[in-house]
Amino acid sequence: MSYLLPALVGLVCFAMLAAAFVAIRGAGMAIAILAAGLVSLMASVLFLVLAAPDVAMTEAAIGSGLTTFLLFFVLGRVRGGEKEEGGHG
Amino acid sequence: MVHVVMATGFLLILIGFYGALTHRNLLRMIVAFTVADTGVNVVIVSVGHMRGRSAPILDRAVAAADAVQRIIDPVPQALVLTAIVIGVGVTALMLAYAWRIYRQHRTLDIARLTALKG
Amino acid sequence: MVKRLVALALLAVFGLVFATLLTGYAPDAELNQTARYYAERTAADLGAANIVTAIIVTYRGLDTLGEVTVLFLAAAIVGLVLAEGAHDRSRMRPPVGELLTTGTRFLVPMILLLGAYVFVNGHLTPGGGFQGGAIIASAVLLMLLADPLRHFSHRLISAIESLAGILYVAIGIAGLFLAGGFLDNRILPLGNLGELASAGAIPLIYSLIGLKVGAEFSSMLASLSETEEP
């Protein structure tokens, strides 16, 4: 039982780093934005494990939800303007 | 455990900085900034954590009398709460300006935005 | 290529600094002085069960006022930057589908209720004005998704926003006269720890913050959605 929590933390940390890598190097803009949202969502899980439920709620609602939607709003407006490096997702 | 989380936060900051410095697409740079932002928040929250203690909320499990021995540091949490909210405000500002630039120049590639060079 | 090398060198320096910080870090065994003060005094002084809320709303209330102001400025600048060219909205768009429209009608009141629940209970449970405000803004977002041509009344949003702001400052000034200082929550009875009607003015202030933050996020979303596609 005492190994369960550190294992979970290690897994979430690894997934966060992988998602961050996708957000920077991923093929399409839409995938990058989703990956950045995923990093925020995993961070909110980490905050919960670190006994910070207030911060976890804020990160899930604002950092993960609103920021991703704002980015997608703008991505929808500039479709076609991001031809270089990767192009469309 | 805290060290693992802190190392992850630092690595997220580095990944975000790398993305923001090497990409030429404004939208990509903004995404990289949000990743670095998350990394900073993870580091600050992990500083406040203490092994074997619970969240700074008083209830039946944590009485007010022995709160000093039972709860973790609430100050970094309050700090990060503020940082997240301000972070989304900053992101929205960056996005609004990026959209404005796109409308005027029809590109998000900073290499082609020669008018911005002094 | 030179640019990438410079970036990598910069990151190496940062990495070195972070590695030094990480290897030299040892978690505290005891709360430091500030945290100890908050842990010992919050329940007796303010009657709030959630210490993070107590810090945000009362101990560092002035900072939160500043934070909400910064958020207001951000929303205002977003509106200003995106203001021009937001006229041509008569073009037909494909309908969004029955499921989304009906689902929105069903879900929006519940999301609003959840948001209100989160910020009213901010002094007892995790959550509060900022989280509740974001939840309320997500209801607005759902309405925008269901009907992209819907025009939200900016006047209504800004009326809610400024009313909440004025009441927030008024409660702060009332604390100056009736209690210990600006934004002191003891202008109302503290009540019993753990009850909904406790912690003085904290639930009231956090609800106002929730309305204000919800209005600010909604205005950001509304101005972004009103931009026309190029």
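Chains as they are written, first to last, in our numbering: chain C, 274 to 362; chain E, 1064 to 1181; chain H, 45 to 274.
Ideal placement from N, C-alpha and C gives every residue a C-beta, glycine not left out.
As the structure is a prediction and not an experimental result, all values here were calculated from the model.
Item: List the endpoints of the continuous alpha helix (DSSP H) containing C/D327.; Value: P326 to T331
Item: Rounded to whole angstroms, what's the CA-CA distance from E/T1097 to C/A309? Just pull it up for me.; Value: 7 angstroms
Item: What does a CB cutoff of less than 7 angstroms around H/T145 pick up in its chain, not counting 5 residues either side in sequence?; Value: A190
Item: Restricting to Cα atoms, I'd like to know which of E/P1137, E/A1124, E/L1075 and E/L1084 is closest to H/A53.; Value: E/L1084
Item: For H/D228, which residues in the same chain have their Cβ closer than 6 angstroms to its Cβ, ignoring the five residues on either side in sequence?; Value: G219
Item: Along chain H, which residues have their Cβ under 8 angstroms away from the Cβ of C/T331?; Value: F174, Q175 and A178
Item: Could you give the DSSP three-state label for C/S275: helix, strand or coil?; Value: coil
Item: Counting only beta-carbon separations shorter than 9 angstroms, does C/F335 have a partner in chain H?; Value: Per the sequence presented here, residue 335 of chain C reads as Ile, with Phe not at that position. Yes, C/I335 lies at the interface with chain H (some Cβ there is under 9 angstroms from its Cβ).
Item: In three-state terms, what does DSSP make of E/N1104?; Value: helix
Item: Looking only at its own chain, which residues have a Cβ that is under 6 angstroms from the Cβ of H/Y212, when we skip the five neighbours before and after it?; Value: L252
Item: Measure the C-alpha to C-alpha separation of C/F346 and H/L237 and round it to an integer number of angstroms.; Value: 43 angstroms
Item: I need the boundaries of the alpha helix (DSSP H) containing E/F1073, first residue and last residue.; Value: V1065 to T1085
Item: Under 7 angstroms Cβ to Cβ from H/E239, same chain only, skipping five residues before and after it: list those, please.; Value: none
Item: Starting from H/E205, trace the alpha helix (DSSP H) both ways and give me its first and last residue.; Value: H198 to L222
Item: Alpha carbon to alpha carbon, what distance is there between C/A334 and E/V1148?; Value: 10 angstroms
Item: With a threshold of 9 angstroms between beta carbons, is H/E84 in contact with chain E?; Value: yes
Item: Would you list the residues sitting across from E/S1117 in a DSSP beta bridge?; Value: E/I1134
Item: In angstroms with no decimal places, state the Cα-to-Cα distance between C/C286 and E/I1107.; Value: 15 angstroms
Item: Ordered along the chain, which non-local residues of its own chain (more than five positions away) have a Cβ less than 8 angstroms from that of E/G1152?; Value: none
Item: Got a sec: is the Cβ-Cβ distance from E/V1131 to anything in chain C below 9 angstroms?; Value: no
Item: Determine whether the Cβ of E/Q1140 lies closer than 9 angstroms to any Cβ atom of chain C.; Value: yes
Item: Can you list, in chain order, the residues of its chain with a C-beta nearer than 8 angstroms to that of E/R1175? Leave out the 5 residues immediately preceding and following it.; Value: H1168
Item: Does chain H have any CB closer than 9 angstroms to the CB of C/V312?; Value: no
Item: Would a C-beta distance cut-off of 9 angstroms place E/I1173 and E/N1104 closer than the cut-off?; Value: no
Item: Examine chain C for any beta-carbon lying closer than 9 angstroms to the beta-carbon of H/M264, and answer yes or no.; Value: yes
Item: Would you mind giving the Cβ-Cβ distance between E/A1004 and E/S1117, rounded to the nearest angstrom? I have them listed as a contact below 8 angstroms.; Value: Nothing about residue 1004 of chain E can be reported from this structure: the residues present for chain E run from 1064 to 1181 only.
Item: Taking C-alpha atoms, which residue in H/K256, H/L222, H/A259 and H/M264 lies nearest to H/A245?; Value: H/L222
Item: Straight-line CA distance for H/Y69 to E/R1114?; Value: 14 angstroms
Item: Measuring only the C-alpha atoms, how far is H/T148 from H/G159?; Value: 16 angstroms
Item: Among E/V1143, E/L1156 and E/V1067, which residue has its Cα nearest to the Cα of C/T340?; Value: E/L1156
Item: With DSSP as the reference, please indicate the residues paired to H/N165 in a beta bridge.; Value: DSSP, once it has assigned bridges, lists no residue as partnering H/N165.
Item: Measure the C-alpha to C-alpha separation of H/G110 and H/V101 and round it to an integer number of angstroms.; Value: 12 angstroms
Item: Based on the DSSP secondary-structure assignment, which residues constitute the bridge partners of H/N94?; Value: E/I1120
Item: Does any residue of chain C bring its CB to less than 9 angstroms from the CB of H/L75?; Value: no
Item: Rounded to a whole number of angstroms, what is the C-alpha to C-alpha distance between H/V162 and H/R48?; Value: 46 angstroms
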